[in-house]
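Peer 1: To convert, take the position in the sequence shown, counting from 1, and add 46; that gives the numbering used here.
From the three backbone atoms N, C-alpha and C, an ideal C-beta is built for every residue, glycine too.
Got a structure here, written out as structure tokens. Questions coming.
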Amino acid sequence: MKKLQLLIVFGMLCIFGSLDASAQSLSKKFSFGIGLEGGLPTGDAKDAYNLAGGLTLRLAYQLGDGFATLTSGGIAFIPENLDGGDDMKVGLLIPVRAGYKYIIKDRFFVMGELGYGSFRQYYADENDELASVSDGGFLFAPSAGVQFNVLEIGLRYESVSLPGGSLSSVGLRLGFNF
47 MKKLQLLIVF
57 GMLCIFGSLD
67 ASAQSLSKKF
77 SFGIGLEGGL
87 PTGDAKDAYN
97 LAGGLTLRLA
107 YQLGDGFATL
117 TSGGIAFIPE
127 NLDGGDDMKV
137 GLLIPVRAGY
147 KYIIKDRFFV
157 MGELGYGSFR
167 QYYADENDEL
177 ASVSDGGFLF
187 APSAGVQFNV
197 LEIGLRYESV
207 SLPGGSLSSV
217 GLRLGFNF
């Protein structure tokens, strides 16, 4: 299964990397991006979750030396044991972020985003039925990366302030901008 997933990702990289597009060039006012995100929970979240991954969508508008951005999507937080004695199941973060992606030089960028994150945590109740609880709070997400035509690779940190703690992760975003 892992070999199939690796083959699919490699194929997508080859296809999208070969496209001759002017994605996020300074001559293009608007662009749209799809990103695969994966990472490791940090801080308070690392005690409850083992892995984070999801899909984000980004709209960008060329402004000055970079792009004003609007990003949303869904990031799942996976606990270490999904079917053991632990009642906790998956957590789902729905972020809504606005920010600015500044092009430092050629292909390199830094980016800062602020927004709101809605987090829903699923668990098994006393009757072993699926139940959930949700909350939300202020979100910030700095990142840095490099882009080649339609392909963007970024290292990012994201944190959402929730009552009683925070939900944070560090990871990679593999984005395709059109």
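Measuring only the C-alpha atoms, how far is Gly119 from Val142?
Peer 2: Translated into positions along the sequence shown, residue 119 becomes position 73. Translated into positions along the sequence shown, residue 142 becomes position 96. Rounded to the nearest angstrom, the two C-alpha atoms are 8 Å apart.
Peer 1: Any heavy atom of the ligand ZN closer than 8 Å to the Cβ of Leu201?
Peer 2: The ligand ZN is absent from the structure shown, which contains no ligands of any kind.
Peer 1: According to DSSP, is Ala91 part of a helix, a strand, or is it coil?
Peer 2: Mapped onto the sequence shown, residue 91 falls at position 45. The answer is helix: DSSP assigns Ala91 an H, G or I state.
Peer 1: Which residues in the same chain as Asp133 place their Cβ atom closer than 6 Å to its Cβ, once the five residues preceding and following it in sequence are excluded?
Peer 2: Taking the sequence shown and counting its residues from 1, the one referred to as residue 133 is at position 87. So the list reads Tyr169 and Ala170, once near-sequence residues are dropped.
Peer 1: Going by beta carbon distance, what residues of the same chain come within less than 7 Å of Ala69, once the five residues before and after it are set aside?
Peer 2: On the sequence shown, position 23 is the one that residue 69 refers to. The predicted model places Ala69 with a pLDDT of 48, which falls under 50 and marks its position as unreliable; any figure quoted below should be read in that light. Result list for Ala69: Ser77, Asn195, Val196, Asn223 and Phe224, in chain order.
Peer 1: With a threshold of 8 Å on Cβ separation, who are the neighbours of Leu101 within its own chain once the five nearest residues in sequence on each side are excluded?
Peer 2: In the sequence shown, residue 101 corresponds to position 55, counting from 1. Ile80, Gly81, Leu82, Glu83, Gly119 and Gly120.
Peer 1: Can you name, in chain order, every residue of its own chain whose Cβ lies under 6 Å from the Cβ of Ser180, other than the five neighbours on each side?
Peer 2: Here the question's residue 180 lines up with position 134 in the sequence shown. So the qualifying residues of the chain are Arg166.
Peer 1: So what does DSSP say about Gly211, is it helix, strand or coil?
Peer 2: Along the sequence shown, read from residue 1 onward, the residue named residue 211 stands at position 165. DSSP places Gly211 in strand when its eight states are reduced to three.
Peer 1: Below 9 Å between beta carbons: does that hold for Ala98 and Ile140?
Peer 2: Here residue 98 refers to the residue found at position 52 when the sequence shown is read from its first residue. Here residue 140 refers to the residue found at position 94 when the sequence shown is read from its first residue. No, Cβ-Cβ distance for Ala98 and Ile140 is not below 9 Å.
Peer 1: Is the distance from the Cβ of Gly191 to the Cβ of Met157 below 9 Å?
Peer 2: Residue mapping note: residue 191 aligns to position 145 of the sequence shown, counting from 1. Residue mapping note: residue 157 aligns to position 111 of the sequence shown, counting from 1. Yes, these two residues count as a Cβ contact at 9 Å.
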